[in-house]
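The next block holds one structure in the form of structure tokens; read it before the comments.
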Amino acid sequence: MSLYADAEYPVSAHTETLHADQLRSFARPGTWGTAAQRTAIAATARKARCDTCVQESVGDEELASLGNLPDAAVRVASAVALGGIGIDRAFCTQVQAEGVTEGAYVEIVGLVARLAHLDVFARGIGVPSRKLAEPVDDTEPSRERPVEAKREGYFTATVPNWPEGGVLAESLFGKNPAPNILRSLSLVPEEARRLIAIMDQEYFSGETIGDFTLSTHEALTRPQIEIVAAKISEYNQCFY
3 MSLYADAEYP VSAHTETLHA DQLRSFARPG TWGTAAQRTA IAATARKARC DTCVQESVGD
63 EELASLGNLP DAAVRVASAV ALGGIGIDRA FCTQVQAEGV TEGAYVEIVG LVARLAHLDV
123 FARGIGVPSR KLAEPVDDTE PSRERPVEAK REGYFTATVP NWPEGGVLAE SLFGKNPAPN
183 ILRSLSLVPE EARRLIAIMD QEYFSGETIG DFTLSTHEAL TRPQIEIVAA KISEYNQCFY
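According to the working numbering, the sequence shown is numbered sequentially starting from 3.
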């Protein structure tokens, strides 16, 4: 059965496949978190949103008890799940001092943001959020930090654009300068790739995002799309 077989509105096969892969990724080892930890992070994020009536429960909150998450990781997951309004450089520095490594911090942010996207998408097409799966692999994460990553003035290190970022940057962003939003998770390349896959399918690709003459909506021009996006970001108090 397809992921959104119960949806009243049609969802493209490409989007369904993409979302199914994104959903499976939460129950698999990442670069910094085990499968159990990543599942627990996702469930913690959902629980935070359900507890504050942001979304309805689908009955998977008990998975938050997996992985023996440190308190700092729970705080990061909850803060991101609720919009990240209270996250600043001091918050980022503090949770790292409490034991959440820089790479783990980026992975948690990416994981929770991707899950929130899936949940908002489901609500938009009128179906319940899809349940999280049990962790399926006990392989230890690689904990590999890209040698290309450097301090560029953001909260965490990032991979520079090509050519400075080398082969890794080219594999992530291509040879054109990438917007900072696409580079925000690049300290954990796998999370960056998953974010970029969503953007490519549901917004604009890396090749077209800088073309303001292009529109993906028959009724709105690209500038109008950006105005809507900016207003929603302002409404949600997005500091970015």
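For each residue, glycine too, the CB sits at the ideal point set by N, CA and C.
Judged by their CB atoms, Leu187 and Glu193 are nearer to each other than the 9 Å cut-off. His219 is bridged by DSSP to Leu222. For a cut-off of 8 Å, the C-beta gap from Ala42 to Leu65 is around 6 Å, short enough to register as a contact.
For Ala124, the closest alpha carbon among the candidates Ala99, Glu58, Arg224, Glu220 is that of Glu58. Under the 10 Å beta carbon count, His16 is surrounded by fewer than 16 other beta carbons and is classified as exposed.
Annotated three-state conformation of Thr33 is coil, per DSSP.
Along the stretch 86 to 127, the alpha helix (DSSP H) occurs as fully enclosed runs of 4 or more residues at 91 to 99, 104 to 126, listed in sequence order.
In the DSSP assignment, Met201 falls within the unbroken alpha helix (DSSP H) covering 191 to 204.
Counting along the chain, the unbroken alpha helix (DSSP H) around Ala15 starts and ends at 15 to 27. Contact between Leu189 and Val108 holds: CB atoms are separated by about 5 Å, below the 8 Å threshold. Contact between Gly69 and Ala106 does not hold, since the beta-carbon distance rounds to 12 Å and is not under 8 Å.
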